[in-house]
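K.L.:
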Ligand SMILES: N[C@@H](CCC(=O)N[C@@H](CS)C(=O)NCC(=O)O)C(=O)O
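Residue numbers (this note's numbering): 3 to 235.
Rendered as structure tokens:
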């Protein structure tokens, strides 16, 4: 399977990488093997009902974008779901909630336009960040915490981890990176989620990946960016 994503940032691609690594699904990280230019060229070559933006996968005849959909597809294909349609759809629903939240995280440092630099929209970002920390982070994290609690934990499906758990791990890591003061002050507010964050790295193949050079560190080109002025002061 080919994974196409920007080579120098974790971004949305990392949600796919983590799940593949944890589940030992083989993939080639195409733009990391080739280049960002190769990704742009490859996207241009895709025709018709093509993905709007990376990440996307090419798996024989299947060409799919949208992070939640890719994860659901991989889970179904490899028999890694719950085995019950209603539960798998709820996992997909949670994955879409995560995607919505990820978009909001991005819009904190890019509140006006995707194509402008952060430095061109800092004032609006400062205002947006205060609202985001006060209202949106708690609203989403309590929602995810409740989802885990309802299964009895430690994962979203009790003893069985799924793509939702690897994604929640990445989400929490990203928030810790972007808003360290806020996350420290709020520690203990979402204990089940913090539990998932602590336990996901113990999934064996994942531990190896996380310690490897293949794991891309968070940086200021990605979705989770650390700008001191956007964190609690
Ligand atoms: N909803 C999509 C969003 C995809 C997306 O926005 N990808 C970013 C990179 S993380 C991109 O390259 N966007 C280009 C654009 O929006 O013009 C998903 O969850 O995968």
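Backbone N, C-alpha and C define an ideal beta-carbon position, used for all residues, glycine too.
Can you list, in chain order, the residues of its chain whose CB lies under 7 Å from that of residue 34, leaving out five sequence neighbours each side?
P.N.:
9
K.L.:
Taking 9 Å as the cut-off, decide whether the C-beta atoms of residue 146 and residue 100 are in contact.
P.N.:
yes
K.L.:
Using only the heavy atoms of ligand 1, determine whether one of them is closer than 8 Å to the beta carbon of residue 176.
P.N.:
no
K.L.:
Taking all protein chains shown into account, do 16 or more other C-beta atoms lie within 10 angstroms of the C-beta of residue 193, making it buried, or fewer, making it exposed?
P.N.:
exposed
K.L.:
What does a CB cutoff of less than 6 Å around residue 120 pick up in its chain, not counting 5 residues either side in sequence?
P.N.:
111
K.L.:
Which complete alpha helix (DSSP H) runs does the region 29 to 117 hold, if anything under 4 residues is left out?
P.N.:
32 to 35, 38 to 47, 69 to 79, 87 to 111
K.L.:
Could you please give the first and the last residue of the uninterrupted alpha helix (DSSP H) stretch that includes residue 11?
P.N.:
Taken as a continuous stretch (DSSP letters only), residue 11 belongs to no alpha helix (DSSP H), as it is neither H nor E.
K.L.:
In the DSSP assignment, what residue or residues form a beta bridge with residue 176?
P.N.:
BP columns for residue 176 are empty, so no partner.
K.L.:
Is residue 222 helix, strand or coil by DSSP?
P.N.:
Note: residue 222 maps to coil in three-state DSSP.
K.L.:
If residue 180 sits next to residue 227, beta carbons under 8 Å apart, how far is it from one beta carbon to the other, in whole angstroms?
P.N.:
6 Å
K.L.:
Measure the Cβ-Cβ separation of residue 114 and residue 132 and say whether it is below 9 Å.
P.N.:
No. Outside cutoff.
K.L.:
Identify whether residue 134 lies in helix, strand or coil by the three-state DSSP scheme.
P.N.:
helix
K.L.:
Report yes if the C-beta distance between residue 240 and residue 58 is below 9 Å; otherwise report no.
P.N.:
There is simply no residue 240 to check, as the chain begins at 3 and stops at 235 in what is shown.
K.L.:
I'd like to know whether the C-beta atoms of residue 28 and residue 211 end up nearer to each other than 9 Å.
P.N.:
Taking 9 Å as the cut-off, the Cβ atoms of residue 28 and residue 211 do not count as close.
K.L.:
Closer than 8 Å to a non-hydrogen atom of ligand 1 - does that hold for the CB of residue 190?
P.N.:
Checking the Cβ of residue 190 against ligand 1 gives no.
K.L.:
When burial is assigned at 16 or more other CB atoms within 10 Å of the CB, is residue 158 buried or exposed?
P.N.:
buried
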